[in-house]
Amino acid sequence: MNEDFAREEICRVGRSLFDRGYVHSTAGNISVRLPHGFLITPTDACLGFLVAGDIALVSDDGEHRSGARPSKTLALHRRIYEQTSAGCVLHTHSTHCVALSLQPHAEGSELLPPITPYYVMRVGRVPLIAYGRPGAPEVADAVAAEIGRRQAAGVTMRAVMLERLGPTVWHDTPAQAMAVLEELEETARLWMMSTPRPTPLSDIALDELREVFGARW
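The opening position of the sequence shown corresponds to residue 207 in the working numbering, with each subsequent residue numbered one higher.
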């Protein structure tokens, strides 16, 4: 992706997420992979009011080359790029996803069961990552390890949930990553709104989504 276009896309997606309440205050960050490193939003920047020229340019090995100081989650973005072919990584503190992570859950569990077909097709499995302070390298290592374990098992991932912090998603472009985030947060909202809790899709329904749409559940 052209660097100038990538900067504008980061600003456009950030503003869209902010205007619709998917991010608030200075929470959240976005990065885009380039042939010569990657762009990442500045630390403590509001995604609704980004300035294209302030977005940090960072080398593949994490060296800050230009722009404002990069997000404190730089290590997390780097590790995801190392482990995947993603073109964009997006992290938010989306309300319903965070609320779900505050509830009791078993070690190694996932944020949500497969309750809608579009959650299965657009998002897939979302493992919960144990809490660590914002920007902690241990969290980045845990995410990379989880991606590696899933890849070894033939499972393609597009998201993880950082306990008490929020979802991190990735895809080829900022627009596609935003679509994953939207589907994830809206599914979390449906789960929280439903009493009793929805029954997951059956194995037969999941098999049909795999066969017809190539779903990777």
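Built from N, CA and C at the ideal position, the CB exists for glycine as well. A quick note: this is a predicted structure, and the numbers were derived from the prediction, not measured.
query: beta-carbon residue 390 near the ligand GDP non-hydrogen atom, thresh 8 Å; result: Ligands are entirely absent from the displayed structure, and the ligand GDP is therefore not among its contents.
query: Buried/exposed call for residue 307, threshold 16 Cβ in 10 Å; result: buried
query: Simplified DSSP state of residue 302, which is helix, strand or coil; result: helix
query: Three-state class that DSSP yields for residue 297 in the structure shown; result: strand
query: Inter-residue Cα distance where the pair is residue 383 and residue 287; result: 14 Å
query: 4-residue-minimum alpha helix (DSSP H) runs that sit fully inside the region 299 to 374, ordered along the chain; result: 301 to 307, 323 to 328, 343 to 358
query: Boundaries of the beta strand (DSSP E) in which residue 240 is found, first to last residue; result: 235 to 240
query: Neighbourhood of residue 249 by C-beta distance below 7 Å, restricted to the same chain and skipping five residues each side; result: 275, 276, 277, 278
query: Exposure label - residue 418; buried when at least 16 CB within 10 Å; result: exposed
query: Residues that residue 426 bridges to, as DSSP identifies them; result: Past the edges of the chain, shown from 207 to 423, lies residue 426, and the structure says nothing about it.
query: Beta-carbon contacts of residue 337 that lie in its chain and below 7 Å, excluding the five residues immediately before and after; result: 369, 370
query: Residue 419, enclosing alpha helix (DSSP H) - first and last residue; result: 409 to 419
query: Nearest-angstrom beta carbon gap, residue 228 and residue 315 [assumed within contact, 8 Å]; result: Contact flag wrong, Cβ pair sits at about 24 Å.
query: Unbroken beta strand (DSSP E) run spanning residue 219, endpoints; result: No beta strand (DSSP E) holds residue 219; the alpha helix (DSSP H) holding it covers 209 to 225.
query: First and last residue of the uninterrupted beta strand (DSSP E) at residue 262; result: 262 to 264
query: Proximity of residue 390 and residue 317 at Cβ, strictly below 9 Å; result: yes
query: DSSP beta-bridge partners of residue 243; result: 240
query: Environment of residue 421 [buried if 16+ CB atoms lie within 10 Å]; result: buried
query: Own chain residues within Cβ distance below 7 Å of residue 386, not counting five before or after; result: 328, 329, 364, 365, 375, 377
query: Residue 296 and residue 222 closer than 9 Å at C-beta; result: no
query: Pairwise C-alpha distance: residue 397 and residue 343; result: 31 Å
query: Three-way DSSP call (helix, strand, coil) for residue 283 in this model; result: helix
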